[in-house]
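Take any residue in the sequence shown, note its place counting from 1, add 2, and you have its number in my numbering.
Reviewing the structure listed below.
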Amino acid sequence: MKKLLLLPALCLLFAQSRAQTADTTKHPPLPANGADPDNSGKTPAGDDHVYATVSKSPRFPGGMDSLHRFLSKNIVYPPALLSAHKSGMVIVHFVVEKDSSLSHVYILRSPDDAFSAEVLRVFTPMKWMPGSLNGRAVRVEFTAVVRFDPDMPGLF
């Protein structure tokens, strides 16, 4: 009986070790100097590439608490929507540039155009700390959510 249980356990162990070996050979780790293995070891061509994943993500100076304080001070709840007790979330997408400015700012989803206009007004001139890949600043796409709640109009 022990022999019958040992055989499937060994097969499972062998299959698992083969799967790990095959995975690491298909996707070798990227070199530390930022070279692209599919580009013959050269550094990535063009400075205008926008990354979705980087080693250090872009962030608002001071962190998320600072971003929340900034939004609370600068976003004005549209008066018509406040009196109508309308709420919702605005999802804003943008690119954090190497010089810390934001570009390509647009709204992915919003419950009302007035919310969208207010978020665009505040986000467009913002400055963020740029993201980096292998120690150098790169352009990174980013998505943020701004929540409008008429019961707490100063918190976003």
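Positions of the beta carbon are idealized from the N, C-alpha and C atoms, including for glycine.
Under the 10 Å beta carbon count, LEU110 is surrounded by fewer than 16 other beta carbons and is classified as exposed. The continuous alpha helix (DSSP H) containing MET66 extends over residues 66 to 76. Distances from the CA of PRO60 to each of HIS106, GLU120 and VAL97 were compared; the closest alpha carbon is that of VAL97.
Contact between PRO152 and LYS88 holds: their C-beta atoms lie close to 7 Å from each other, under 8 Å. In the DSSP assignment, ALA146 falls within the beta strand (DSSP E) that extends over 138 to 150.
Bounds of the beta strand (DSSP E) holding SER105 are 104 to 111. In the three-state reduction of the DSSP assignment, PHE125 falls in the helix class, which pools H, G and I. Nearest C-alpha to MET91 among PRO132, ASP67, GLY65 and TYR79: TYR79.
Looking only at LEU83, GLY137, PRO81 and VAL107, the smallest Cα-Cα distance to ILE93 is reached by VAL107.
Taking each of LEU73, ALA116, VAL52 and ALA82 in turn and checking the Cα distance to VAL147, the smallest one comes out for LEU73.
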